[in-house]
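Some notes on the structure that comes next.
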Amino acid sequence: MSASDTALRPVPQVIAHEVTKPRETKKWVDWITTTDHKKIGIMYLVLTFVFFILGGIEALLMRLQLSVPNNTLITPEHYNQLLTLHGTTMIFLFVVPVMAGFGNYFVPLMIGARDMAFPRLNALSFWLLLFGGIVFYFSLFFQPPEAGWWSYPPLSSILYSPSGGQDAWIFLIHLTGISSLVGAINFFATIVNMRAPGMGWGRLPLFVWSILIYAILLIIALPVVAAAVTMLLTDRHFGTHFFDPTDHGSPLLWQHLFWFFGHPEVYIMILPGFGMISEIIPVFSRKPIFGYKAIAAATCVIAFLALLVWGHHLFASPLPVVVLGFFMLSSFLIAIPTGVKIFNWIATLWRGSLVMTTSLYFAIGFIAIFTIGGITGVILAIFPIDWQLNDTYFVVAHFHYVLMGGAVFTVFSGLYYWYPKITGRLMNETLGKWSFWLMFWGFNLTFFVQHALGLSGMPRRVYTYPPGVGWSTYNLISTIGSFILGFGILLTFINVFRSLKVGAIAGPDPWKGNTLEWFTASPPPANNFDVIPRVRSVEPMRDIRRQIEHDTGVAQKTGGSEQFARA
Amino acid sequence: MRSDAKNDLHRRGARGNRRRRLALTVALILCGSLLLAPDAFANFLTPKSGGSPNADAIHSLYLIVLYIAAVIFALVEGALFYSVYKFRAKKGAVAAQIHGNTRLEIGWTVGAALILVVLTTITFIKLPSILNPPNSSADGLTLSGGVLTASTTEPVPPNGKSLVICITGRQFIWAYYYGSACETDPYSSKVAYSYQEMYVPANTTIVLHIQSLDVIHSWWVPSLGGKVDAVPGYTTYTWFKASKVGALYHGQCAELCGRLHSAMTALVKVLTPAQYQRWVTQQKALIADQEMQVLALRKALIATGNLTANLS
């Protein structure tokens with residue numbers, strides 16, 4: 001059966017069936033033994049959102065402690081543990097793997113494949129992530145690590161961090177590192193080899209482009225941090241002195257190795273989010289993406305430059321001025337492709353016909369927030385200015401604008417967009433918009449004043465501060481904002497659970513999507529597609545819809561996104 | 001039925017407008033209250049400065065960058081919100097099917113690059129005034145002949161004369177050793193030292209040699225310039241030249257160094273050169289006196305058998 005046979009059916013456009021009757025097993029056995037990319041994707045998403053909640057609670061506890069000066073709610077020891085847990089959780093257990101979750105679910109569907117290239121390896125990735133998280137969080141019952149997610153030696157050495165919590169942290173990096181590495185190889189093999197007929201590199205959906213680059217960056221950056229934490233482990237327990245200044249080792253070596261991984265990691269975290277936005281904005285603007293090639297090229301250029309900018313984390317370290325100058329210029333350069341992306345997204349909205357769904361709200365909120373993070377990033381790249389702002393709340397504000405914008409708002413946009421595909425039901429739009437506005441204002445209230453905190457001299461990672469130095473008002477505002485933000489996030493979680501039962505039935509293609517995941521039932525059957533159509537453009541689903549309309553003269557209905565059009 | 005739906009849509013539209021207006025009002029009130037709160041007004045948009053020329057130079061560089069950033073911010077966010085406002089789906093409106101525009105792509109790529117060229121130029125114009133210390137003023141501390149150093153990292157004023165203060169960080173206190181002997185012989189009785197509070201003569205170029213005894217710390221007094229990490233195994237350098245006699249500058253360790261990181265504060269008190277010299281003499285006498293007392297106590301303890309004599 002060819003695509004054109006399918007195309008003759010007016011509504012629905014899609015046919016896909018379960019090929020075999022599923023074997024009768026217990027449901028939980030089904031889940032833990034699955035190699036289906038969709039089930040693994042769902043497990044990834046559920047697990048990472050659990051970690052997101054844990055990381056969020058840790059953040060709120062820190063904000064509570066900082067709400068008033070000289071607060072004694074949390075001891076300095078627990079505060080340092082919280083900041084280590086928060087950073088590590090959000091980076092290694094939420095943002096990086098949540099992108100793998102979306103990638104797992106949607107990359108095979110978007111390229112018209114029936115599964116990932118190595119389904120068992122895919123399952124291994126997930127279970128390694130779970131065990132990494134368990135190893136790390138079990139330190140809560142003993143002594144959690146206190147040296148921060150960057151764990152600079154000598155503070156993280158056995159002398160100053162004698163507890164096993166630091167070793168649990170090292171083990172977490174190893175396990176989640178192998179998980180991501182195996183997953184990255186899998187993504188790479190899948191995208192390179194398993195695309196639908198006709199889907200050349202110039203027709204690859206931009207989300208898939210971003211997952212491809214995400215995978216390449218992971219493959220380059222992760223071995224470096226794996227080596228670095230192994231060296232830290234042998235320093236701590238087996239008598240080596242890689243980072244020990246009292247024995248000809250260098251603490252600076254760690255900083256270089258860690259940030260050689262750590263800065264690409266930032267782009268590992270936000271590029272997939274950029275990819276989601278590049279899919280979502282054209283769908284809800286009812287317009288093709290503006291400058292497809294420019295966006296795909298910008299993704300590659302960002303990835304290349306991401307490997308050359310690690311030194312901007314070391315501006316206050318003992319480095320010669322010429323090195324500082326190099327890293328300032330390389331960090332400047334990375335602003336160009338990033339700016340190009342922002343301009344292209346706005347140009348896609350321009351003269352469109354914007355269907356104001358919650359998903360698009362989050363996408364636009366992301367651009368608004370991320371622009372501020374990008375601008376403060378350029379300010380921080382100027383190393384003499386960084387000497388004043390490095391390690392202050394200005395930096396905290398900057399990277400939360402980048403990461404909350406680039407990862408959380410994009411992931412929420414993606415969640416509202418793809419939830420109907422995963423569950424077959426639409427999420428509630430009213431609740432979604434309440435959630436968006438609370439998150440948007442809560443976020444800006446929390447983090448905008450933190451720029452001012454940093455400028456007025458408040459360093460990061462302090463567990464308290466004295467009254468009368470001009471920091472109290474800002475901190476109180478920031479804490480209030482963080483709880484508004486938290487409440488907004490809670491609304492989306494309520495929405496997710498509620499919509500599972502009461503959400504409107506979505507149908508295969510509720511948004512008039514552009515890509516192939518909408519060419520199958522919601523949720524898709526185990527084999528994804530009965531027929532894999534030939535791809536003729538970046539928007540294969542749109543071509544299919546157009547052909548049906550042409551052949552039948554019947555306008556294609558969707559699951560109801562017309563309701564968002566304003567009269 | 002149909003008109004009902006239409007009314008409903010209208011009502012929803014009106015409610016949406018009201019909600020939007022409410023959101024805008026709340027935002028305005030929040031911004032307004034920020035501007036009006038005197039506590040919040042200090043350093044809302046600019047880094048601290050006013051203590052030393054390098055901090056002032058960073059401040060003025062930051063201001064130029066901030067103005068450029070503000071324009072870019074306004075343009076990008078303006079275009080974004082305008083398109084969201086203007087191009088919402090309406091009945092009958094059809095989206096323009098544009099795939100791109102190569103000229104526009106090249107235009108904004110080159111435009112972004114040009115802005116960065118401007119920023120680079122401004123930075124390198126301003127850089128010498130941040131990196132290189134000036135000479136001490138005539139009313140500063142009289143310093144002996146300058147020492148020529150081969151160091152490429154240590155800042156040296158044009159005439160080579162500066163007051164050297166060695167800073168040592170440790171969990172969780174800063175120690176200061178005054179005078180150029182601090183580098184070679186910090187524990188001799190010729191060197192005055194103090195903890196946490198640093199005393200400096202006004203209008204004198206002061207070069208700091210920064211080290212750490214244990215973990216990484218970061219020296220930072222915002223009004224006196226940028227921060228410099230204290231990394232064990234390395235010596236790092238910075239300088240400042242304070243002019244306001246009687247001023248007291250607050251600083252704080254800026255790199256997580258352990259549980260009491262937030263307690264690792266620093267104070268810099270600016271004295272007249274004469275006051276400074278008096279303070280140094282007095283401090284040396286105090287230190288000598290304390291050492292005598294410790295020595296006497298040791299002798300007494302050893303004599304009564306409460307302390308074993310250390311033969312080395």
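Residue numbers (the numbering used here), protein chains in the order written: chain A, 1 to 567; chain B, 1 to 312. Cβ coordinates follow ideal geometry from the N, Cα and C atoms, glycine included. This one's a predicted model, so the numbers in the text were calculated from it and none came from an experiment.
By a C-beta neighbour count over all protein chains shown, 10 Å radius and 16 as the cutoff for buried, is residue i buried or exposed?
i                 : result
Pro201 of chain B : buried
Pro390 of chain A : First, the amino acid is wrong: residue 390 of chain A is Asn here, not Pro. So Asn390 of chain A counts as buried.
Ile32 of chain A  : exposed
Val29 of chain A  : exposed
Gln252 of chain B : buried
Ser317 of chain B : What the structure shows of chain B is the stretch from 1 to 312, and residue 317 of chain B is not part of that stretch, so it cannot be assessed.
Asn495 of chain A : buried
Met292 of chain B : exposed
Ala296 of chain B : exposed
Glu197 of chain B : exposed
Which value, in whole angstroms, describes the spacing of the CA atoms of residue i and residue j?
i                 : j                 : result
Phe412 of chain A : Phe106 of chain A : 15 Å
Trp150 of chain A : Ala117 of chain A : 34 Å
Gln282 of chain B : Thr168 of chain B : 22 Å
Thr234 of chain A : Gly258 of chain B : 22 Å
Asn159 of chain B : Tyr178 of chain B : 20 Å
Leu224 of chain B : Val469 of chain A : 17 Å
Ala381 of chain A : His256 of chain A : 17 Å
Val135 of chain A : Leu252 of chain A : 28 Å
Pro134 of chain B : Pro157 of chain B : 5 Å
Ala59 of chain A  : Ala27 of chain B  : 24 Å
Thr246 of chain A : Leu159 of chain A : 12 Å
Pro38 of chain B  : Ala452 of chain A : For Pro38 of chain B, the predicted model reports a pLDDT of 46, less than 50, meaning its position is unreliable; a value from the coordinates is still stated below. Those two C-alpha atoms are separated by around 13 Å.
Trp418 of chain A : Pro523 of chain A : 10 Å
Lys299 of chain B : Tyr193 of chain B : 25 Å
Leu333 of chain A : Ala247 of chain B : 41 Å
Ile219 of chain A : Pro466 of chain A : 45 Å
Phe73 of chain B  : Ala368 of chain A : 9 Å
Val208 of chain A : Ser218 of chain B : 42 Å
Leu260 of chain B : Phe138 of chain A : 25 Å
Ile268 of chain A : Leu217 of chain A : 7 Å
Gly202 of chain A : His248 of chain A : 52 Å
List the DSSP bridge partners of residue i.
i                 : result
Leu267 of chain B : B:Glu197, B:His250
Lys299 of chain B : DSSP lists no partner for Lys299 of chain B.
Tyr237 of chain B : B:His209
His217 of chain B : B:Ala230
Gly169 of chain B : B:Trp174, B:Ser212
Val164 of chain B : B:Val207
Nearest to residue i by CA position, among the options, is which residue?
i                 : options                                : result
Gly325 of chain A : A:Pro533, A:Gln547, A:Val283, A:Leu308 : A:Leu308
Thr392 of chain A : A:Phe327, A:Ala506, A:Ser285, A:Val462 : A:Val462
Leu491 of chain A : A:Pro510, A:Tyr416, A:Asp543           : A:Tyr416
Leu500 of chain A : A:Pro420, A:Tyr474, A:Phe447, A:Phe260 : A:Pro420
Ile173 of chain B : B:Gln211, B:Val207, B:Glu183, B:Ile115 : B:Gln211
Ile211 of chain A : A:Ala228, A:Gly198, A:Ala184, A:Thr230 : A:Ala184
Phe447 of chain A : A:Ile42, A:Ala296, A:Phe304, A:Val402  : A:Val402
Phe327 of chain A : A:Phe260, A:Ser179, A:His237           : A:Phe260
Thr153 of chain B : A:Val355, A:Val266, A:Gly132, A:Val322 : A:Val322
Leu271 of chain A : A:Phe258, A:Val95, A:Tyr214, A:Phe92   : A:Tyr214
Thr142 of chain B : B:Tyr234, B:Val270, B:Asn203, B:Gly233 : B:Asn203
Ser157 of chain A : A:Thr240, A:Met194, A:Ile173           : A:Thr240
Touch check for the segment 483 to 491 of chain A and the segment 431 to 444 of chain A: three-plus C-beta pairs under 8 Å? Contact between the segment 483 to 491 of chain A and the segment 431 to 444 of chain A is present, because at least three Cβ pairs lie under 8 Å.
Would you call the segment 86 to 102 of chain A in contact with the segment 267 to 277 of chain A, where contact means no fewer than 3 C-beta pairs closer than 8 Å? Cβ pair count under 8 Å is three or more, so yes.
Is the segment 474 to 482 of chain A in contact with the segment 502 to 517 of chain A, if contact means three or more CB pairs nearer than 8 Å? No: the two stretches stay apart, fewer than three of their Cβ pairs being nearer than 8 Å.
Count the CB pairs spanning the segment 55 to 68 of chain B and the segment 117 to 128 of chain B that are closer than 8 Å, and state whether there are at least three. Judged by Cβ distances under 8 Å, the segment 55 to 68 of chain B makes contact with the segment 117 to 128 of chain B, as three or more pairs qualify.
Is it the case that the segment 75 to 86 of chain A contacts the segment 44 to 61 of chain A, given that we only count it when at least three CB pairs across the two stretches are under 8 Å? At 8 Å Cβ cutoff, the stretches touch.
Can at least three beta-carbon pairs, one atom from the segment 158 to 172 of chain A and one from the segment 71 to 79 of chain A, be found at a separation below 8 Å? In the pairwise beta carbon analysis, the segment 158 to 172 of chain A is classified as not touching the segment 71 to 79 of chain A: fewer than three pairs are separated by under 8 Å.
Validate contact between the segment 310 to 318 of chain A and the segment 338 to 356 of chain A using beta carbons, cut 8 Å, 3 pairs: No contact exists between the segment 310 to 318 of chain A and the segment 338 to 356 of chain A.
Between the segment 38 to 48 of chain A and the segment 117 to 126 of chain A, can you find at least three pairs of beta-carbon atoms closer than 8 Å? By the criterion of at least three beta-carbon pairs nearer than 8 Å, the segment 117 to 126 of chain A is in contact with the segment 38 to 48 of chain A.
Meets three-Cβ-pair contact criterion under 8 Å: the segment 83 to 91 of chain B and the segment 271 to 286 of chain B: No contact exists between the segment 83 to 91 of chain B and the segment 271 to 286 of chain B.
For the segment 124 to 131 of chain B against the segment 50 to 63 of chain B, do three or more pairs of beta-carbon atoms, one drawn from each stretch, fall closer than 8 Å, so that the two count as touching? Short answer: they touch.
Do the segment 536 to 543 of chain A and the segment 513 to 521 of chain A make contact, defined as three or more Cβ pairs closer than 8 Å? Yes, the segment 536 to 543 of chain A touches the segment 513 to 521 of chain A.
Contact between the segment 285 to 303 of chain A and the segment 424 to 437 of chain A: three or more CB pairs below 8 Å? Output reads no: the segment 424 to 437 of chain A does not touch the segment 285 to 303 of chain A.
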